[in-house]
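Asker: Below you will find the structure I want to go over with you.
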Amino acid sequence: EPEVTQTPSHQVTQMGQEVILRCVPISNHLYFYWYRQILGQKVEFLVSFYNNEISEKSEIFDDQFSVERPDGSNFTLKIRSTKLEDSAMYFCASSVGGSSYEQYFGPGTRLTVT
Amino acid sequence: SQKIEQNSEALNIQEGKTATLTCNYTNYSPAYLQWYRQDPGRGPVFLLLIRENEKEKRKERLKVTFDTTLKQSLFHITASQPADSATYLCALRNSGYSTLTFGKGTMLLVSP
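The listed protein sequences derive, respectively, from chains A and B. Using my numbering, you'd call the opening residue of the first sequence number 1 and step up by one each time. Using my numbering, you'd call the opening residue of the second sequence number 115 and step up by one each time.
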């Protein structure tokens, strides 16, 4: 069964450093998403991406964040200058259609900012 | 303000019983409501989707109801098993928006 994959599974970085989190969505899916989950908190929407552009973003997704689909398979989230409060689990998800369709989540990348 | 509320306390039930989880929302007009399962340290896994014009949806041992008047969805697992132990998340999309918003989830513990 096809699945969303994410790398790395765990990333440790120092405050102020840039990180890139990588995702390979399911191949025939057209919509891609990033979410984050701070330990013990709810899953929070960051951004959705369709047709090579951002379709929607939350207040969390400020100028330090960016997304890219550099080729036909990868979908990346870049955090330019990490802060301690960026420490969280970051989930990539994809869906065939928009939000009326179920989303398939990856296993997540645990980001620890020290 | 908009809220999605799920029971914050864990639900403990015995194997074989029916588990019922609640999702209440305020200041939303959801077009769709979805239920996901999340195991510790893992990503959410889609279970069921119900549309605003549907009252009930079933899939194997799972049943979801959606009452837009009460602004509530109930999620039932019949003949529960220890393997059903997980956190169950309610998520909804407001009409006119594409963003999926999650509740904090309810932990279900099924004991043998």
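We put the CB at the ideal spot given by N, CA and C, even for glycine.
Once the 5 residues before and after residue 230 of chain B are set aside, which same chain residues still bring their CB inside 6 Å of it?
Answerer: Not covered by the structure: residue 230 of chain B. The range shown for chain B is 115 to 226.
Asker: Going by C-alpha to C-alpha distance, which of A:20, A:28, A:104 and A:10 sits closest to residue 72 of chain A?
Answerer: Nearest C-alpha to residue 72 of chain A: A:28.
Asker: Which value, in whole angstroms, describes the spacing of the CA atoms of residue 173 of chain B and residue 8 of chain A?
Answerer: Approximately 34 Å, taken between the alpha carbons.
Asker: Which chain B residues sit within Cβ distance under 9 Å of residue 122 of chain A?
Answerer: With chain A represented from 1 up to 114, any question about residue 122 of chain A goes unanswered, as that position is not in the structure.
Asker: Do the segment 119-128 of chain B and the segment 95-112 of chain A meet, that is, are 3 or more Cβ pairs less than 8 Å apart?
Answerer: Contact fails: fewer than three Cβ-Cβ distances are below 8 Å.
Asker: Residue 158 of chain B: buried (16+ other C-beta within 10 angstroms of its C-beta) or exposed?
Answerer: It is buried - the Cβ of residue 158 of chain B has at least 16 other Cβ atoms within 10 Å.
Asker: Just to confirm my understanding: we take residue 152 of chain B, look at its own chain, exclude 5 residues before and 5 after, and list those with CB closer than 8 Å. What are they?
Answerer: Correct list, in chain order: 158, 159, 200, 201, 202, 203 and 219.
Asker: For residue 213 of chain B and residue 150 of chain B, I'd like the C-alpha separation in whole angstroms.
Answerer: 16 Å
Asker: Can you pull the chain A residues whose beta carbon is under 8 Å from the beta carbon of residue 218 of chain B, in chain order?
Answerer: Those are 41 and 42, listed as they occur along chain A.
Asker: Which class does residue 198 of chain B belong to by DSSP, given the choice of helix, strand or coil?
Answerer: Here residue 198 of chain B sits in helix by DSSP.
Asker: So, for residue 179 of chain B: in the same chain, excluding its five sequence neighbours on each side, which residues have a beta-carbon less than 7 Å away from its beta-carbon?
Answerer: Excluding positions up to five away in sequence, the list reads 169, 170, 187 and 188.
Asker: Tell me, which residues are paired with residue 190 of chain B by DSSP?
Answerer: BP columns for residue 190 of chain B point to B:134 and B:177.
Asker: Just to confirm before moving on: does the CB-CB distance between residue 217 of chain B and residue 42 of chain A stay below 8 Å?
Answerer: yes
Asker: Using a Cβ-Cβ distance under 8 Å, would residue 160 of chain B count as near chain A?
Answerer: yes
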